[in-house]
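Everything in the sequence shown is counted per this note's numbering, starting at 437 for the first residue and increasing by one.
We treat Cβ as the ideally placed atom computed from N, Cα and C, and that holds for glycine.
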Amino acid sequence: MTPGGSPRDAVTRRGWALYNVSVEEEHNDKAVYSSGASVLSFSPGRNRKEKRQSGACESSDLPSLTKTEIIQLPSPRPKPSNAYLHQLFDPMIECLLWDYMREVLIIVMMLVVLMWGALPLYWGSLAPGLSHAPNFKAWVVDFDGGPLGAFVTESIINSTKTGNKHLDWEVKPASQFSSVQDVANQVVEEKAWAAVTVNPGASSTLYIARAYGDYTYDQTKAVTLYFEQARSENAVGQLIAPIATELLDKTLRDFNARDIAAYIRAIRAHPDAVETSLESPSALAGAWWKIVNLRPWNAAVASPMTIVGQIYLTLFAFILTVTSHRARQKLESHLTYKSLVALRIGLPLAAYIPISTSYAMLGLFFRAPFDAKFHWGGGFFIYVAYTYMDICALGLVCEVAMSILRPDHMNLFLVSWLVVNISTPIEPPEMQARWYRYAYGMPFYNHALAVRTILFDTKNLLGRNAGVLFAWMGLSMATISLLIWLKRKIARKGDQLRGSFYDVDRPQEVIWSAEHV
437 MTPGGSPRDA VTRRGWALYN VSVEEEHNDK AVYSSGASVL SFSPGRNRKE
487 KRQSGACESS DLPSLTKTEI IQLPSPRPKP SNAYLHQLFD PMIECLLWDY
537 MREVLIIVMM LVVLMWGALP LYWGSLAPGL SHAPNFKAWV VDFDGGPLGA
587 FVTESIINST KTGNKHLDWE VKPASQFSSV QDVANQVVEE KAWAAVTVNP
637 GASSTLYIAR AYGDYTYDQT KAVTLYFEQA RSENAVGQLI APIATELLDK
687 TLRDFNARDI AAYIRAIRAH PDAVETSLES PSALAGAWWK IVNLRPWNAA
737 VASPMTIVGQ IYLTLFAFIL TVTSHRARQK LESHLTYKSL VALRIGLPLA
787 AYIPISTSYA MLGLFFRAPF DAKFHWGGGF FIYVAYTYMD ICALGLVCEV
837 AMSILRPDHM NLFLVSWLVV NISTPIEPPE MQARWYRYAY GMPFYNHALA
887 VRTILFDTKN LLGRNAGVLF AWMGLSMATI SLLIWLKRKI ARKGDQLRGS
937 FYDVDRPQEV IWSAEHV
């Protein structure tokens, strides 16, 4: 400093490099902001050099530094660009190339680990197939009480004694049901996956039609197979229907072969009886069976609405999570704890409303059968509500993961989250290994059940499905709040150890107090 200078004057300090230091009247902060240097301010009572030289004669010439010094570094000279000048294996960029290759190798290794850790879960959900057929409960009910009913019941039960290519057949007394329709209602209520009924009077109707030549006899009314395809189109199409139809084909063929032979032996000595029976060829051919699909899977648009569409919802929520995380980085440190929690939870919940509504309208556009259980408008709005709950449950979990993982690791989490969910609704738990029963608590599975109820009038479990989705939402909200609190607590402890604090206007720059130097 120039001797005799006033504290109000601008002071110029010169040395090996040029620094312009201006001491201004209104600035008395303890710290400075700078891009390349940190300068401490000193007060008269704390300036160690002034204490050591307090008796020196030149002390009267030095002004007391009580103002903030702002140091401006000279702008560096622009360097000539060396872009686009190097070959791939140029030694000058060897370090950069190695850093790049290392990052690629790391992500490849992580993908391989993820592949073997997550994808077997999905493969395993589809693998068992026919080996788990005995897990599907099915009933056989004899309303006939005649030879046909006894033969069908015995044949079906005998099929369960060998191998595992059979359903879990159980004989139910006809007295437990008020009518055949009551059996069908129990199948719709998911008490059983399928039911075979030998209908009332099946044997007597067959014999009377033969004896009197009743040409109106309908042989398919003897035995009925009930199932509900919309409960699980894959399980019914791949396992239940093939096994049951093959069994009934064999059973009725065996019965007819034995019964027709016995009937012919009985009437061969009576030509009139032979002529009469020929008037009813259907009765002479014997009894047969038919299928009643109580809830057919008759809307192709339901496939994306139940399973595949949930993958899209997860992706939409994931994109929103990543984008909002990047956008709020400069805002977070300005907000109080409650304000940040409200922002982290409230903004996604609000953003999911137009996303879920727009997604649900795709089903409206492609004429999904929203009137299967409710009236058409009511069914649509209930579907909108469950779609919103689903994306909230799926998306808030992504918000939780963003609070734990680095942004560049979120893609790995997304794959894991999708695999864990998509392994549950494609096949029913009865068709999978026992530990896949975790499906009952997953968003994909419960949303798929709710959509089946809305579109196909399957068993009404809407309350339970909504409860599971709300539980995921509540758990995610609580976890987000806890993680924000923990991160702020850790940050405060770190600041105290370093003796630093954050300026509200420039939160990314650490301001050091002179007391800690």
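Check the Cα spacing between Val856 and each of Lys895, Gln612, Ile747: the tightest is with Ile747.
Within the region 851-907, the alpha helix (DSSP H) runs of at least 4 residues that lie entirely inside it are, in chain order, 879-892.
Per DSSP, the continuous alpha helix (DSSP H) segment holding Asn692 begins and ends at 677-703.
The beta carbon of Leu897 sits closer than 6 Å to the beta carbons of Leu885 from its chain, once the five residues preceding and following it are set aside; these are given in chain order. For Trp575, the enclosing beta strand (DSSP E) starts and ends at 573-578.
Counting C-beta pairs closer than 8 Å gives fewer than three between the region 862-872 and the region 845-852, which falls short of the contact rule. Straight-line measurement puts the Cα of Ala671 at about 41 Å from the Cα of Arg780.
Approximately 16 Å separates the beta-carbon atoms of Cys834 and Ala914; this is outside 8 Å, ruling out the contact. According to the DSSP secondary-structure assignment, Leu933 is paired through a beta bridge with no residue. At the C-beta level, Leu749 and Leu830 come within 8 Å of one another.
In this structure, Lys726 places its C-beta atom within 8 Å of the C-beta atom of Thr660.
A direct Cα-Cα distance of roughly 23 Å separates Trp812 from Ile827. Around the beta carbon of Ala705, a 10 Å sphere encloses fewer than 16 other beta carbons of the protein chains shown; the residue is thus reported as exposed. Where Val624 is concerned, the enclosing alpha helix (DSSP H) starts and stops at 616-624. Looking at the backbone, the Cα of Leu533 and that of Glu539 are separated by about 10 Å.
If you draw a straight line from the Cα of Ile696 to the Cα of Gly581, it comes to about 19 Å. In this structure, the straight-line span from the alpha carbon of Trp605 to that of His568 is close to 14 Å. Taken atom to atom, the span from the alpha-carbon of Asn901 to that of Phe525 is near 58 Å.
Between Phe892 and Ala786 a beta carbon distance of about 32 Å is seen, past the 8 Å cut, so the two are scored as non-contacting.
For Ile916, the closest C-alpha among the options Leu850, Leu841, Ser713 is that of Leu841.
Taken atom to atom, the span from the alpha-carbon of Ala821 to that of Trp575 is near 36 Å.
Here Met825 is buried: its Cβ has 16 or more other Cβ atoms, across all protein chains shown, within 10 Å.
For Ile727, the uninterrupted beta strand (DSSP E) segment begins and ends at 725-729.
Along the region 761-820, the alpha helix (DSSP H) occurs as fully enclosed runs of 4 or more residues at 765-768, 773-801, listed in sequence order. If you draw a 10 Å sphere on the C-beta of Ala778, you find fewer than 16 other C-beta atoms in it, and that means exposed.
By the C-beta density criterion, Ile700 is exposed, having fewer than 16 other C-beta atoms within 10 angstroms.
With a 10 Å radius around the Cβ and a threshold of 16 neighbouring Cβ atoms, Gln617 comes out exposed. Residue pairing by DSSP places Trp605 opposite Ala574 in a beta bridge.
Per DSSP, Phe587 lies in no beta strand (DSSP E) segment; the continuous alpha helix (DSSP H) that holds it begins and ends at 583-594.
Residue range 530-562 is occupied by the alpha helix (DSSP H) that includes Val544.
At a Cβ-Cβ threshold of 8 Å, Thr687 and Val577 do not count as neighbours.
DSSP, reduced to helix, strand and coil, places Phe613 outside both helices and strands of the structure shown, so it counts as coil. In this structure, Val623 and Ala630 form a Cβ contact; the two beta carbons are roughly 7 Å apart against a cut-off of 8 Å. If the five residues before and after Gly799 are omitted, its C-beta is found closer than 6 Å to the C-beta atoms of Met741, all from its own chain and listed in chain order. Assignment of Phe663 by DSSP, reduced to helix, strand and coil, places it in the strand class.
Counted as a single uninterrupted DSSP element, the stretch harbouring Val744 is not any alpha helix (DSSP H), since DSSP gives it neither H nor E.
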